[in-house]
Amino acid sequence: MDTIQIVLGIIYVIVCIGLIITVMFQESSSKGLGALSGERSDTFYGK
């Protein structure tokens, strides 16, 4: 039983890392890290 848990844990970690890498390489519609905090990407001077 312990061997199965170790193998499934390793597979789980590999899948999670793959998902994180996939999301990080996607093109985003807004630029910069401001999108994470809800900031707008356009400014008064950029209009």
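Just so we're aligned, residue 6 is where the sequence shown starts under my numbering, counting upward by one. Yeah, the Cβ is synthetic: ideal placement off N, Cα and C, and Gly gets one too.
When only Cα atoms are considered, residue 9 and residue 16 end up about 11 Å apart. Put simply, the backbone Cα of residue 14 is about 11 Å away from that of residue 21. Annotation: residue 12 to residue 27 spans about 23 Å, alpha carbon to alpha carbon.
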